[in-house]
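Undergrad: Below you'll find the structure I mean.
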Amino acid sequence: MRSVKSILMPLSSSGEVQERLLGALSVTAFFGAHLEVLHAQVSPRQFIPVDAVARSMPQKLLNELEAIADKYSNTESSELKAMFIQLCEQRDIIHSDDSVTDKPSAYWRDIYGLRSELVGEWGKVSDLIILPQPRSGKPTATFEAALMRSGKPILLVPRTMTTFSAERLLIAWNGSTEGSRAITQAIPIMQQAKEIIIATSESSAPCKPGTEELIRYLGRHGIKAESKHFDTGRRSTGEAILSMADSINSDLLIMGGFTHRRVHEQIFGGVTQNMVGHARLPVWMMH
Numbered sequence: 001m002r003s004v005k006s007i008l009m010p011l012s013s014s015g016e017v018q019e020r021l022l023g024a025l026s027v028t029a030f031f032g033a034h035l036e037v038l039h040a041q042v043s044p045r046q047f048i049p050v051d052a053v054a055r056s057m058p059q060k061l062l063n064e065l066e067a068i069a070d071k072y073s074n075t076e077s078s079e080l081k082a083m084f085i086q087l088c089e090q091r092d093i094i095h096s097d098d099s100v101t102d103k104p105s106a107y108w109r110d111i112y113g114l115r116s117e118l119v120g121e122w123g124k125v126s127d128l129i130i131l132p133q134p135r136s137g138k139p140t141a142t143f144e145a146a147l148m149r150s151g152k153p154i155l156l157v158p159r160t161m162t163t164f165s166a167e168r169l170l171i172a173w174n175g176s177t178e179g180s181r182a183i184t185q186a187i188p189i190m191q192q193a194k195e196i197i198i199a200t201s202e203s204s205a206p207c208k209p210g211t212e213e214l215i216r217y218l219g220r221h222g223i224k225a226e227s228k229h230f231d232t233g234r235r236s237t238g239e240a241i242l243s244m245a246d247s248i249n250s251d252l253l254i255m256g257g258f259t260h261r262r263v264h265e266q267i268f269g270g271v272t273q274n275m276v277g278h279a280r281l282p283v284w285m286m287h
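Counting in the UniProt record's numbering, the sequence shown runs from 1 upward without gaps.
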């Protein structure tokens with residue numbers, strides 16, 4: 001499966017590092033792709049306003065702060081990189097800057113800058129961005145940059161996920177443009193799946209195109225799917241979708257990201273935010 005050839009994963013050292021690396025390598029092996037692990041580091045100077053430095057902070061002190069930060073970050077980066085290369089060897093994935101046509105490969109890249117800005121830029125020349133669920137359970141600047149600025153699908157994964165498969169898929173459908181983009185990008189995955197369910201809430205059922213049109217569209221790609229409606233009741237739509245994902249033991253959820261206006265999402269919450277905080281399976285998402 002070569003629909004995804006270039007995968008990007010930003011990495012911070014905020015816990016579950018080995019699990020996150022193993023999960024990304026499993027996704028890489030699934031696609032037979034090249035993984036770029038982006039380990040972003042920042043200089044203390046980036047957090048100090050230029051005028052404040054000029055007025056109150058001696059240059060010598062700033063240089064000493066940078067030297068300490070560089071020493072710490074370089075030590076941390078070396079240890080993490082060594083772990084990553086060892087995991088690559090264990091998974092039979094080549095550690096190389098150049099993708100290999102017949103085998104999955106991966107590369108560790110140390111880079112300076114703000115992670116969110118770098119992901120928004122590097123994501124534009126990647127096919128897929130892997131992001132862990134934030135520890136806070138809320139969308140981060142990196143998540144929003146990947147989803148809103150890269151123009152590419154993201155794979156939001158549980159922080160402790162170490163293996164990836166996609167035999168049973170659940171599509172969350174409400175007729176949105178964002179959902180359509182996510183589905184189109186995921187067609188090669190769906191062509192390999194054993195079971196695909198399209199989930200639509202009772203309130204979204206009248207939306208057009210509906211599930212019948214979507215099933216017919218997928219059928220032209222050789223994909224067989226069936227639809228199921230759900231009633232949210234007193235639950236949120238996100239909770240109802242995750243409940244259905246659990247009930248069918250789904251491996252992967254496919255959906256649009258931030259399908260409503262951002263103000264609506266921020267005030268009332270939304271399916272996207274629910275997935276960020278509560279999804280227990282990988283979520284393929286696109287804006």
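The C-beta atom is built at its ideal place from N, Cα and C for all residues, glycine as well.
1. In the DSSP assignment, the beta strand (DSSP E) including His34 goes from what residue to what residue?
2. Considering only C-alpha positions, which residue in the set Ala33, Glu36, Ser180, Asp92 is nearest to Gly257?
3. Drop a sphere of 10 angstroms on the beta-carbon of residue 310, count the other beta-carbons inside from all chains shown, and report buried for 16 or more, exposed for fewer.
4. DSSP on Gln266, reduced to helix/strand/coil?
5. Given Gly15, which residues of its chain have a CB within under 8 angstroms of its CB, disregarding the five upstream and five downstream residues?
6. Taking three-plus beta-carbon pairs below 8 angstroms as touching, is the region 219 to 227 in contact with the region 136 to 146?
7. How do the region 16 to 26 and the region 82 to 91 stand: do at least 3 beta-carbon pairs fall below 8 angstroms, yes or no?
8. On the CB-based measure, 16 or more other CB atoms within 10 Å of its CB, does Thr211 come out buried or exposed?
9. Going by the DSSP bridge assignment, what does Val283 pair with across the sheet?
10. For the region 117 to 137 against the region 240 to 259, do three or more pairs of beta-carbon atoms, one drawn from each stretch, fall closer than 8 angstroms, so that the two count as touching?
11. For the beta strand (DSSP E) holding Leu25, just list the boundary residues, first then last.
12. Should Arg220 be counted as a contact of the ligand HEM given a C-beta to heavy atom distance under 8 angstroms?
13. Can you tell me whether DSSP reads Leu11 as helix, strand or coil?
14. Is Arg159 close to chain D, meaning its C-beta is less than 9 angstroms from at least one C-beta of that chain?
15. Please name the residue, chosen from Ala199, Leu21, Pro209, Ile215, that lies closest to Thr232 on a Cα-to-Cα basis.
16. Could you please give me the residues that DSSP links to Leu131 through a beta bridge?
17. Where does the unbroken beta strand (DSSP E) through Leu169 begin, and where does it stop?
18. Who are His95's beta bridge partners in DSSP?
19. For Ser236 and Ser243, I'd like the C-alpha separation in whole angstroms.
20. Taking the DSSP output, what are the residues bridged to Ile197?
21. Pull up the distance between the alpha-carbon of Thr272 and that of Asn174, whole angstroms please.
22. Between the alpha carbons of Val263 and Gly270, how many angstroms are there, rounded?
23. Are the CB atoms of Phe84 and Val37 nearer to each other than 9 angstroms?
24. Could you pull the DSSP bridge partners for Ile111 from this structure?
TA: With the structure as the only source:
1. Where His34 is concerned, the enclosing beta strand (DSSP E) stretches over 34 to 41.
2. Of all alpha-carbon atoms in Ala33, Glu36, Ser180, Asp92, the one lying nearest the alpha-carbon of Gly257 is that of Ser180.
3. A query on residue 310 cannot be resolved here, the shown segment of the chain reaching from 1 to 287 and no further.
4. Only weak support is given to the placement of Gln266: the predicted model assigns it a pLDDT of 47, under 50, and the question is left unresolved by the model.
5. Closer than 8 angstroms at Cβ, skipping near neighbours: Arg135, Arg159.
6. The count of Cβ pairs closer than 8 angstroms, one atom from the region 219 to 227 and one from the region 136 to 146, stays below three, leaving the stretches out of contact.
7. At 8 angstroms Cβ cutoff, the stretches touch.
8. Burial state of Thr211 is buried, judged by a 10 Å Cβ sphere holding 16 or more other Cβ atoms.
9. Residue pairing from DSSP places Val283 in a beta bridge opposite Leu156, Leu253.
10. The answer is no - the region 240 to 259 does not touch the region 117 to 137, with fewer than three Cβ pairs under 8 angstroms.
11. Boundaries around Leu25 are those of the alpha helix (DSSP H), 17 to 31, since no beta strand (DSSP E) includes it.
12. Although the ligand HEM was asked about, the structure shown includes no ligands whatsoever.
13. Reduced to three states, the DSSP call for Leu11 is coil.
14. Absence of chain D from the displayed structure is noted, only one protein chain being present.
15. With distances taken between Cα atoms, Thr232 lies closest to Ala199.
16. In the DSSP output, where bridge partners are listed per residue, Leu131 has Leu156.
17. 168 to 172 is the extent of the beta strand (DSSP E) around Leu169.
18. In DSSP, His95 forms a bridge with Ala106.
19. Between Ser236 and Ser243, the alpha-carbon positions lie close to 11 angstroms from each other.
20. The partner list for Ile197 (beta bridge, DSSP) reads Leu170, Glu226.
21. So the two alpha carbons sit approximately 13 angstroms from each other.
22. Any answer about Val263 is weak, because its pLDDT of 43 lies below 50 and its placement is not dependable; what the coordinates show is given next. If you take the alpha carbons of Val263 and Gly270, they lie about 11 angstroms apart.
23. The answer is yes: Cβ separation under 9 angstroms.
24. Secondary-structure assignment with DSSP links Ile111 through a beta bridge to Ala40.
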